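In the working numbering, the protein residues as written are 1015 to 1465. Even for Gly, the Cβ is constructed at its ideal location relative to N, Cα and C. All of these numbers come straight from a predicted model, not from anything done at the bench. Okay, so here's the structure we're looking at.
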């Protein structure tokens, strides 16, 4: 009898990180300041006053971290480049020391038989560009394409899979609408403009990649499926607004459909129309799409919940992670099938999936037992496999995250890693979830049959 959970032989198993969350040394060796350096050093922005100044010290410990990847049997590693580390002013001059760091990392991965997946932008905009308007300045599309070209040419032949921008919705909702993330703005008017420029920048980078790059390029979206809280018409309307504002705001124009009509209702006087030629740039064909997936939402109509007028209803029948997110694996299958349909069968990759649970600050007898994360990982891998069985063109899975790290404005209070980090000593310990994941990779998923 065939193994039920065997994944395809060429399925790409990996783990993911982001530069500011793990590297530390963010302004070392000629690097420039980023908006997260500024944001984290502004009192009141970060839990416990945490910053990314040291983080996981990956900038100095990358060799050790590659050894961990080998112990995890990883076939791929998704990382991001710090724009301000390689271009301190955001445009113009290059910082050779910063580029050399990524050269060494990529070469080390290739030596270890691990495929590097490179994300151009994971939220850490050079502060020098923020001073020039950042994502509110239409010139940023060209700035981003120029930055991309530097990396496309530098790493040509070594990096074959590229992502332009990680989670555009979070950049906008956190950074420009609600102010919880860098640069900390709170304006619907700004959010609408910045979102459009993020999409234009993606399109400009894809266009430049076709001219000078080699390999495949895509974008990474976070999708949180919306299920109505009841069969009331007002709750269904709330679901549609929430879905449009979070899931389709970026997906629809990328697929050539323009912006969802519901956004005019959501943003009212802050909404604006954009030139048709912008949408030609935005819908540049891509080779793949990344899905960052963590949970679902069950919204109800809530007139006082700005700007979407929808509020999620907590589903108390299921477990919730340390971040308050419901554990509901069937929604991952639903999302993959939906995204497969929405993108006309574009190759998909789960570029982030993981969960935060309490872990002790240090290993106990050399082990970190994390049964809730083991359960989350097991059932979400099964859900991903179910989606493949339903015809989804799913190419890989990147666990979030390789390491416990700086969870943005939540500081070091939430641990997502499959490898534990003792932030006092920087000691790494592969958790039980990481040991399971190594077995999943070794057996192409067959070990999941017994779980």
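Answer yes or no: do residue 1213 and residue 1164 have a C-beta to C-beta separation smaller than 9 Å? 9 Å or more divides the Cβ of residue 1213 from the Cβ of residue 1164.
Straight-line gap, residue 1346 to residue 1398 (C-alpha atoms, nearest Å)
In a straight line, the C-alpha of residue 1346 is about 7 Å away from that of residue 1398.
For residue 1044, which of 1368, 1272 and 1100 has the nearest alpha-carbon? Of the listed residues, the one whose Cα sits closest to residue 1044 is 1100.
*asked:* According to DSSP, is residue 1166 part of a helix, a strand, or is it coil?
replied: Of the three classes helix, strand and coil, the one that applies to residue 1166 here is helix, per DSSP.
- Extent of the continuous beta strand (DSSP E) run through residue 1230: Counting along the chain, the unbroken beta strand (DSSP E) around residue 1230 starts and ends at 1230-1236.
Mind checking which residues open and close the beta strand (DSSP E) that includes residue 1091? Looking at the DSSP string, the run of the beta strand (DSSP E) that includes residue 1091 is 1090-1094.
message: I'd like the span of the beta strand (DSSP E) that includes residue 1326, first residue to last.
response: If you look at residue 1326, you'll find it in the beta strand (DSSP E) that goes 1324-1326.
**Item:** Span of the alpha helix (DSSP H), counted from its first residue to its last, around residue 1394
**Value:** 1385-1403 is the extent of the alpha helix (DSSP H) around residue 1394.
Helix, strand or coil: how does DSSP classify residue 1114 here?
Looking at residue 1114 - three-state DSSP - the assignment turns out to be helix.
Review point. Hey, quick one: how far does the beta strand (DSSP E) through residue 1129 stretch, first residue to last?
Key: Its beta strand (DSSP E) spans residues 1129-1135.
Original post:
Along the chain, where does the beta strand (DSSP E) that runs through residue 1180 open and close?
Top reply: Start and end: 1175-1180.
Assuming residue 1264 and residue 1227 make a contact with CB atoms under 8 Å, what is their CB distance in whole Å?
Between residue 1227 and residue 1264 the Cβ distance is about 22 Å, and since that is not below 8 Å, they are no contact.
Please report the straight-line C-alpha distance between residue 1149 and residue 1174, rounded to a whole angstrom.
Each residue's Cα considered, the two are about 27 Å apart.
Residue 1147 beta carbon less than 9 Å from that of residue 1154
For residue 1154 and residue 1147, yes; Cβs fall inside 9 Å.
| said: Using a Cβ-Cβ cutoff of less than 6 Å, which residues in the same chain neighbour residue 1143 once the five nearest sequence positions on both sides are dropped? | reply: Within the same chain, residue 1143 has close Cβ partners 1104.
- prompt: Between which two residues does the beta strand (DSSP E) harbouring residue 1304 extend?
  reply: Under the DSSP assignment, residue 1304 falls in the beta strand (DSSP E) whose first and last residues are 1302-1306.
Check your understanding: Which first and last residues belong to the alpha helix (DSSP H) in which residue 1082 is found?
Key -> Element bounds for residue 1082: 1072-1085.
key: Which of helix, strand or coil DSSP assigns to residue 1434   = In the structure shown, residue 1434 sits in a strand (DSSP, three-state: E or B).
For this session: Return helix, strand or coil for residue 1260, following the three-state DSSP convention.
Result: Looking at residue 1260 - three-state DSSP - the assignment turns out to be helix.
Along the alpha helix (DSSP H) that carries residue 1296, what are the first and last residues, could you check? For residue 1296, the enclosing alpha helix (DSSP H) stretches over residues 1290-1296.
- Query: Can you tell me whether DSSP reads residue 1428 as helix, strand or coil?
  - Reply: Secondary structure of residue 1428 (DSSP, three-state): coil.
Original post:
What's the C-alpha gap between residue 1350 and residue 1308?
Top reply: Near 12 Å, if we compare the C-alpha coordinates of residue 1308 and residue 1350.
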